[in-house]
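**Student:**
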Amino acid sequence: MGKFDHDLLLGIDIGGTAIKAGLFSHAGDLMAQRSISTPALVESGAYAAVNQALTALLAEQGFLRSDIAGIGIDIPGPVREDGSVGFLPNIRLDVEGLKASLAMAFARAVIVVLNDANAATFGELWQGSAKGERSFVFVTLGTGVGGGVVVDGKLVLGKHGAGGEIGHITVNPHETRACGCGRLGCLEEYASATGLVRLYHEACERAGAEARDTSEGAVAVFQALADGDEAARLALSQMCEYLAVAFAHMSCIIDPGAFVIGGGVSASFDVFADELAERFRAHALPMCAETKIVRASLGNKAGIYGSAYQALLATAAEE
Ligand SMILES: [Zn+2]
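Note that this note's numbering has the sequence shown beginning at -9, numbered continuously upward.
(1) Should His(-4) be counted as a contact of ligand 1 given a C-beta to heavy atom distance under 7 Å?
(2) May I have the straight-line CA-CA distance separating Gly35 from Lys10, to the nearest angstrom?
(3) Pick out whichever of Phe14, Asp3, Ala49 and Met21 has its Cα sitting closest to the Cα of Ser27.
(4) Please state if the CB of Ala272 and the CB of Tyr232 are separated by a distance shorter than 8 Å.
(5) Quick one: measure Cβ to Cβ for Ala286 and Ile251, integer angstroms, because I've assumed they're closer than 8 Å.
(6) Quick one: what's Ala11 bridged to in DSSP?
(7) Can you check which of these residues, Cys242, Asp84, Ala214 and Thr45, is closest to Pro276 by C-alpha distance?
(8) Judging by CA-CA distance, which residue of Arg167, Ala110, Asn162 and His164 is the nearest neighbour of Val139?
(9) Rounded to whole angstroms, what is the Cα-Cα separation between Val141 and Ala199?
(10) Taking 7 Å as the cut-off, is the beta-carbon of Cys230 closer than that to any non-hydrogen atom of ligand 1?
(11) Quick one: give me the first and last residue of the alpha helix (DSSP H) that Leu78 is part of.
(12) Please report the distance separating the alpha-carbon of Asn41 from that of Glu309.
(13) If you follow the beta strand (DSSP E) that Leu104 is in, where does it begin and where does it stop?
(14) On the premise that Gly137 lies in contact with Ala107, defined as a C-beta separation below 8 Å, what is that separation, rounded to the nearest angstrom?
(15) If you measure from the CB of His158, is any heavy atom of ligand 1 nearer than 7 Å?
(16) Would you mind reading off the limits of the beta strand (DSSP E) that contains Phe249?
(17) If Val255 and Leu131 are in contact, beta carbons under 8 Å, what's the gap, nearest whole angstrom?
(18) Tell me the rounded alpha-carbon separation between Gln300 and Gly218.
(19) Are there any heavy atoms of ligand 1 lying less than 7 Å away from the beta-carbon of Arg285, as far as the coordinates show?
(20) Pairing CB atoms from the stretch 18 to 26 with CB atoms from the stretch 83 to 98, are three or more of them under 8 Å?
(21) Could you say which of Ile244, Ala257, Ala236 and Pro246 lies nearest to Arg269 if we only look at CA atoms?
(22) Would the beta-carbon of Gly170 be found less than 7 Å away from any heavy atom of ligand 1?
(23) Are there any heavy atoms of ligand 1 lying less than 7 Å away from the beta-carbon of Glu178, as far as the coordinates show?
(24) According to DSSP, which residues form a beta bridge with Thr130?
(25) Kindly list the residues whose CB is nearer than 7 Å to the CB of Arg124, restricted to its own chain and excluding five residues on each side of it in sequence; keep chain order.
(26) To the nearest angstrom, how far is it from the Cα of Pro66 to the Cα of Leu78?
(27) Measure the alpha-carbon distance for Gln51 versus Cys176 and round it to whole angstroms.
(28) How is Ala59 classed by DSSP in three states: helix, strand or coil?
(29) Tell me which residue opens and which closes the beta strand (DSSP E) that Lys121 is part of.
(30) Tell me the DSSP secondary structure of Phe161 in three-state form.
(31) Which residue or residues does DSSP assign as beta-bridge partners of Lys313?
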């Protein structure tokens, strides 16, 4: 502890219409959290609303703005190694304006910005399923396949910001349908929620069976599986196979201590964990074959944890 009474941290996760904020102790305990509805964060009125809500969150716990040593902000877009922000296609957000406003209100705090997938990765490292690991791979199976890679305690961002683009590892060189990135046979095409649904429909077609309604997404495939549907079983096996191939490739480069799986599809992790581990063992270098494959544990709070952790590292670097 420094010359101030408290060295607290704020983790802020920025979404389209609301932000999630978490107040953390230096040791990583989540002391309080709240969701704050905001207009687009592009002008001073919106920044002031954020400052006010954060100050109220602190006051409820008996703390002041000066108790905050660091603030981490995670955003849905690319952040370069020097902290500068790339193009944000999905959100109206002025990161520099928000940072400047926070810096005025929280004069003592170090403020850092990071990408949301990397924040979730850091969250799992700090207080989640990867706690205690030096190197690990975080994979989110959601609408797409994303994630992050940590090597020796550091996030791998890469020269072009493509470090950790796990969803675009080529796992099927025979594919003819293009991925969103323009290439063929990317992991995301098979292991995302949408990919799993497509595999299911293809399996139904091959078997000449009628597919059930999948408008609810991957949940419908898991329901079909629970009902003993053979096409669903085949689809899930294919998903596991492609994931296992990608994990085996990554093991040859990183040799991580764990693969941590998050995202919507991970809600059904127990259903496919054994098959995934078995297929991974079959593909991996023998010395890596027993690498842990586990479910992420922080859910949608991973981002606020990871943002706070990045802030913690930045305060430590300043001392
Ligand atoms: Zn791709």
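Backbone N, C-alpha and C fix where the C-beta goes; we use that ideal spot for every residue, glycine too. Computed from a predicted structure; not experimentally measured.
**Tutor:** Result, derived from the coordinates:
(1) no
(2) 18 Å
(3) Asp3
(4) no
(5) Ala286 to Ile251, Cβ: 6 Å. Contact.
(6) Assignment of beta-bridge partners to Ala11 by DSSP yields Ile2 and Arg24.
(7) Here the closest residue by C-alpha is Cys242.
(8) Restricting attention to Arg167, Ala110, Asn162 and His164, the CA atom closest to the CA of Val139 is found in Ala110.
(9) 45 Å
(10) no
(11) Premise fails: Leu78 is in no alpha helix (DSSP H) and is neither H nor E.
(12) 26 Å
(13) Val100 to Asn105
(14) The Cβ separation is near 6 Å, so the contact holds.
(15) yes
(16) Ala248 to Gly252
(17) 4 Å
(18) 45 Å
(19) Arg285: no, Cβ never under 7 Å from ligand 1.
(20) no
(21) Ala236
(22) yes
(23) At least one heavy atom of ligand 1 is found less than 7 Å from the C-beta of Glu178.
(24) Gly136 and Gly252
(25) Asp142, Gly143 and Gly247
(26) Each residue's alpha carbon lies about 7 Å from the other.
(27) 47 Å
(28) The three-state reading of DSSP puts Ala59 in strand, counting E and B together.
(29) Premise fails: Lys121 is in no beta strand (DSSP E) and is neither H nor E.
(30) The displayed chain sequence assigns Val, not Phe, to residue 161. Correct three-state label for Val161: coil.
(31) Limits of the chain in this structure are -9 at one end and 309 at the other, which puts residue 313 out of reach.
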